[in-house]
Amino acid sequence: MDAVGPGALRGNTVPGCPQRDLPCPSDSSELVQECLQKFKVTGAQLRQIQASLLASMEQALKGQASSTSAVRMLPTYVGSTPHGTEQGDFVVLELGATGASLRVLWVTLTGTAEVGMEPQSQEFVIPQEVMLGPGEQLFDFASRCLSEFLDTLPLGKQGLRLGFNFSFPCHQTGLDRSTLISWTKGFKCSGVEGQDVVQMLRDAIQRQGAYSIDVVAVVNDTVGTMMGCEPGVGPCEIGLIVDTGTNACYMEEARYVAVLDEDRGRVCVSVEWGSFSDDQALGPVLTTFDHALDHQSLNPGAQRFEKMIGGLYLGELVRLVLAHLAEHGVLFGGCTSSTLLSQGSILLQHVAEMESSPAGAACAQAVLQDLGLSVGASDAKLVQQVCVAVCTRAAQLCAAALAAVLSRLQHSREQQTLQIAVATGGGVFEQLPRYWEHTPVSKSRFLSILQDTVMLLAPECDVSFIPSVDGGGRGVAMVTAVAARLAAHRRLLEETLAPFRLSREQLAAVQTQMREAMAKGLRGEASSLRMLPTYVRATPDGSERGNFLALDLGGTNFRVLLVRVAAGGVQITNQVYSIPECVAQGSGQQLFDHIVDCIVDFQQKQGLSGQSLPLGFTFSFPCKQVGLDQGILLNWTKGFKASGCEGQDVVCLLREAIGRRQAVELNVVAIVNDTVGTMMSCGYEDPRCEVGLIVGTGTNACYMEELQNVAGVAGDSGHMCINMEWGAFGDDGSLDMFSTCFDARVDQASINPGKQRFEKMISGMYLGEIVRHVLLHLTSLGVLFRGQQTQRLQTRDIFKTKFLSEIESDSLALRQVRAILEDLGLPLTTDDALMVLEVCQAVSQRAAQLCGAGVAAVVEKIRENRGLEELSVSVGVDGTLYKLHPHFSTLVAATVQELAPRCVVTFLQSEDGSGKGAALVTAVACRLAQQTHV
Ligand code: BG6
Ligand code: GLC
Ligand code: GLC
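For reference, each letter of the sequence shown is one residue, going 24 to 957 in our numbering.
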């Protein structure tokens, strides 16, 4: 057969009846047979296509699709087939499913299994110039159609929810975010590829201004068809469309979809098999007519597979064959017509009419005459054969592709046999003849061939085909219903988290209030900040020497340490001991006896028994000091509540306990708050370190203040370290305007309600609890965990602050976040996991920012004290939350920079804990004592 040259394809070719050598009749029947033969596809070829398509699908799933000839495998954000409980009224806008038409539907979902009301709908023809014009024009046209349709319904103009059935290949990044990859099927509007089509539609609706419509979801036609499939025969997990174009979607195991970070459940993937055009597999079945069709199309080289199957192309293929046969004198007495030579003159509907038998012959006659052709006696039959050949091939190729999807499902579900329902939709199913060879059958010929071929290619699969009732409109409405629910949940989440999001102004107000409270506290006036003098007047100068014992009580661990301070540096040996909750909250005597027991044990293990080393006691609770070795406990914090200690000198309590254990002798030289220990420990390395900060179980800060500003301590020159006890900031109600109902709940349930309000918004002992209360609230709103309250989540302290650090860690995939939460017995979906992550972020961000506002107040005070334009200062920091949380330290630093721009603040993490600092305070004291002696 001659190649169909472009000349024969152009509409402007002069039609007529060429007088040159027409073939004789026997040649002509050969020519016809040869032509028809080209459309025959063998079983082997179909198997090859099936295998190659499967390989292409699997590569694309792994994210390794190398060429444009591959299928795309686009995840759709539809995670489950319908529950049947979706309800509400929805507008559906369909663009791109059926040729040049746009459809608007009004769908009511009843939330029950019964089929609800028939959707109302209206169809609009999209003018050719709109299909090929600027994108904005297309979307403006769509929104005009929407209004026109809605005007006919008795509706309000507000609060309408819309599902957008947009049937082109798109990268979806959410249920309502979708970027067009490329136009297919005769559309070619400028400025849309690479853009979010949902946003374009929203903009157009807004430009039009007639209705307020919320575009909630965007859905491919295959997905709409699958989701709208009537339940009853088990879940329908494949959607197949053969309309203007062709495509399928199916439920894939999420763990196989590389671009998703998900290891559970399924996700609907749109195969986009129309773009498949592997040369090796398709080459042998592509005819010269296919090449010619591709060549003259709007997207040459693209969508090669679709161009052999989709309804937009079947009529065109038939036309090309007929023109070719006519030009070779085999049809229409060797005459063509200008219509026959014009692209697009034979439509799917004509093919359908001509193909049907026995009425087909008469139909063919009519159609061909309309094309300006003189139809001879045998012409109609030949034309019918051409139609059958083109459509049969289409159905067989479609079957090969469907068989590839079935094989994929068998493989991913590790099932030898598969029973599955396929929802089908599209004009090719509906239009191609339902009656064939005198046997009335209720299905179309296209579907019968498809079924028979699938049976041959995938014999282990028991496939039932379920025709879509309303072109997928109900399915789109269902996805929209789910999306609307998720959007409502998101709004509730945002509302819940809004009070945690502090503006710059609010943080600046915290800073200002902190400054005022500091000043009052220093003057000895009523203030929530106690500003306790520590009697530490200087940081180490490096000349300290000796061996010291240190105790470290009040953080996560209780430690006993041996600290050797020598010329070469500091060497530390330490041991961690536990303080059982019953001891922390028992009697004071019990607590201090336990501490002494631990010291004795440590001394024995270290061979120090009998030695009376100077001892520094890090005691991380608010103490009123009147000297270095006297500290009256003002009140317990952080879960300690041993009786008989508040109001007592802690050093005395320790000495009494030592007395009770007669065997030991200890020389308690200094009592030190952990903030002070941390500052001293970092100060040993960096003399600019004049602030100590703790963000651990509790939170607090200390800094070097001008002695003249400290009421109640004699002396006017020099400095003194002040333990701010900022955990109590706000206990006078000054923070109430920033405090949320969740803070109030955490406070109320604590052992010291009304106390340590700032600490309860920041430190490790409380953040997990705040998160837990937020999660409980969101569950009660139905936003999380499908609204199911679990016993576990109601348990106090079940949600540890270390989970925040783990969950927010960037290196952790969402699946690990889920694992953490599932360990807690919280069965959650991916959406739940994402929301829990956001809750953690909001709570820890606020904590870090509040802490930063506090540090800003402190460094600004130091700068102003010294009358400096710019202050350069280091802050020694310790505490599990600060050290373990992935973003906390960065956020603190950023906030300080923002609120105290004239201070250059370096944060130094303390490596050895405050025990070392306590030993250094002790060493300094010993050195000074020795100097006085001398
Ligand atoms: C350490 C101290 O440096 O930091 C502890 O040695 C202190 O005494 C602690 O309380 C704070 O951290 P956390 O997270 O253990 O409370
Ligand atoms: C085209 C589109 C695809 C759609 C199919 C059927 O192939 O790219 O998204 O599903 O046509 O309409
Ligand atoms: C608590 C204590 C305080 C300590 C802080 C950090 O706020 O009251 O003294 O510094 O926790 O551990």
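Each residue gets a CB set at the ideal place from its N, CA and C atoms; glycine is no exception.
Handout entry: Under 8 Å between C-beta atoms of L132 and A500
Key = Against a cut-off of 8 Å, the Cβ pair of A500 and L132 comes out as a contact.
Handout entry: Buried/exposed call for R684, threshold 16 Cβ in 10 Å
Key = Burial state of R684 is exposed, judged by a 10 Å Cβ sphere holding fewer than 16 other Cβ atoms.
Problem - Residues proximal to ligand 1 by C-beta, any heavy atom closer than 6 Å - result: The answer, residue by residue, is D575, G577, G578, T579, T641, S643, D697, T701, I717, G719, T720, G787, D901, G902, T903, S933, G936, S937, G938.
Problem - Residue burial classification, Q811 (beta-carbon count within 10 angstroms, cutoff 16) - result: By the neighbour-count rule (16 or more Cβ atoms within 10 Å), Q811 is not buried but exposed.
Handout entry: Beta-carbon proximity check, M743 vs L758, cutoff 8 Å
Key = Going by C-beta atoms, M743 is not nearer than 8 Å to L758.
Exercise for the section: List the DSSP bridge partners of Y726. Expected result: Paired residue(s): V714, I745.
Problem - Candidates S166, V94, F210, of which the one nearest C272 by Cα - result: It is V94 whose Cα lies nearest to the Cα of C272.
Handout entry: Beta-carbon spacing of A481, L76 below 8 Å
Key = Going by C-beta atoms, A481 is not nearer than 8 Å to L76.
Practice task
Take the Cβ of T722 as the centre, count every other Cβ of all protein chains shown within 10 Å, and call the residue buried at 16 or more, exposed below.
Solution key: So T722 ends up on the buried side.
Problem - Residue span of the beta strand (DSSP E) that contains K211, given as start and end - result: Note, K211: premise wrong, no beta strand (DSSP E); not H, not E.
Practice task
Could you spell out the range, first to last residue, of the beta strand (DSSP E) harbouring G654?
Solution key: It spans 653-656 - the beta strand (DSSP E) in which G654 sits, taken as one unbroken run.
Practice task
May I ask you to report which of helix, strand or coil DSSP gives D823?
Solution key: Residue identity differs from the one stated: residue 823 is Lys in this sequence, not Asp. Looking at K823 - three-state DSSP - the assignment turns out to be coil, as it is neither helix nor strand.
Problem - Within 8 Å, strictly: CB atoms of E831 and S803 - result: Cβ distance not < 8 Å, so E831 and S803 don't count as in contact.
Exercise for the section: Check Y458 in the structure and name its three-state DSSP category. Expected result: Low confidence applies here, because Y458 scores a pLDDT of 49, under 50, leaving its location unreliable and the question unanswered by this model.
Practice task
With hydrogens ignored, establish whether the beta-carbon of K906 is closer than 7 Å to any heavy atom of ligand 2.
Solution key: Flag unset: Cβ of K906 not near ligand 2.
Exercise for the section: Would you check if the stretch 670-682 and the stretch 907-924 touch, i.e. whether three or more CB-CB distances between them fall below 8 Å? Expected result: Cβ pair count under 8 Å is below three, so no.
Exercise for the section: Evaluate contact between the stretch 555-573 and the stretch 919-929, counting only Cβ atoms and requiring at least three cross-stretch pairs below 8 Å. Expected result: At 8 Å Cβ cutoff, the stretches do not touch.
Exercise for the section: Excluding the 5 residues preceding and the 5 following R167 in the sequence, name in chain order all residues of the same chain whose CB lies nearer than 8 Å to its CB. Expected result: Answer for R167: Q231, listed in chain order.
Handout entry: In DSSP terms, what L263 is bridged to
Key = Among the bridge pairs identified by DSSP, L263 is matched with A271, T447.
Exercise for the section: Kindly indicate the opening and closing residues of the alpha helix (DSSP H) around R416. Expected result: 402-435 is the span of the alpha helix (DSSP H), which, as asked, contains R416.
Practice task
Determine the direct distance from the alpha carbon of H800 to that of E669, and round the result to whole angstroms.
Solution key: In a straight line, the C-alpha of E669 is about 36 Å away from that of H800.
Practice task
Report buried or exposed for E141, applying the criterion of at least 16 other Cβ atoms within 10 angstroms of its Cβ.
Solution key: Exposed, since its Cβ has fewer than 16 Cβ neighbours within 10 Å.
Problem - Closer than 7 Å: K211 CB and nearest ligand 2 heavy atom - result: Placement of the Cβ of K211 at a distance of 7 Å or more from every heavy atom of ligand 2 is found.
Problem - Proximal residues to I843 (C-beta, below 7 Å), its chain only, five neighbours per side dropped - result: Hits under 7 Å: F826, E829, I830.
Exercise for the section: Express the C-alpha separation of Y789 and V859 in angstroms, rounding to a whole number. Expected result: Here the alpha carbon of V859 sits roughly 17 Å from the alpha carbon of Y789.
Handout entry: Collapsed DSSP secondary structure at E57 in the structure displayed
Key = Reduced to three states, the DSSP call for E57 is helix.
Practice task
Flag this pair as touching only if the stretch 62-74 and the stretch 470-480 have three or more C-beta atom pairs under 8 Å; answer yes or no.
Solution key: Result yes; three or more Cβ-Cβ pairs closer than 8 Å.
Practice task
Please name the residue in G498, S190, E146, A315 whose C-alpha comes closest to that of G111.
Solution key: Ranked by Cα distance from G111, the options G498, S190, E146, A315 are led by G498.
Practice task
Compare the beta carbon distance of L84 and A277 with 8 Å and say whether it is the shorter of the two.
Solution key: Cβ distance not < 8 Å, so L84 and A277 don't count as in contact.
Practice task
Mind checking which residues open and close the alpha helix (DSSP H) that includes D846?
Solution key: From DSSP, the alpha helix (DSSP H) with D846 extends over 837-846.
Exercise for the section: Report yes if the C-beta of P556 is less than 7 Å from at least one heavy atom of ligand 3; otherwise report no. Expected result: Taking 7 Å as the cut-off, the C-beta of P556 does not count as close to any heavy atom of ligand 3.
Handout entry: Under the three-state DSSP convention, the category T188 falls into
Key = A small correction: the amino acid at residue 188 is Asn; Thr does not occupy that position in the sequence shown. Strand, per DSSP.
Practice task
Would you kindly work out how many angstroms separate the C-alpha atoms of L847 and I821, rounded to a whole number?
Solution key: In a straight line, the C-alpha of L847 is about 8 Å away from that of I821.
Exercise for the section: Quick one: measure Cβ to Cβ for I622 and V687, integer angstroms, because I've assumed they're closer than 8 Å. Expected result: The C-beta distance from I622 to V687 rounds to 7 Å, short enough to fall under 8 Å.
Exercise for the section: Would you kindly work out how many angstroms separate the C-alpha atoms of E53 and Q71, rounded to a whole number? Expected result: Taking the straight line joining both Cα atoms gives about 29 Å.
Practice task
In angstroms with no decimal places, state the Cα-to-Cα distance between H434 and E285.
Solution key: Their Cα atoms are separated by approximately 19 Å.
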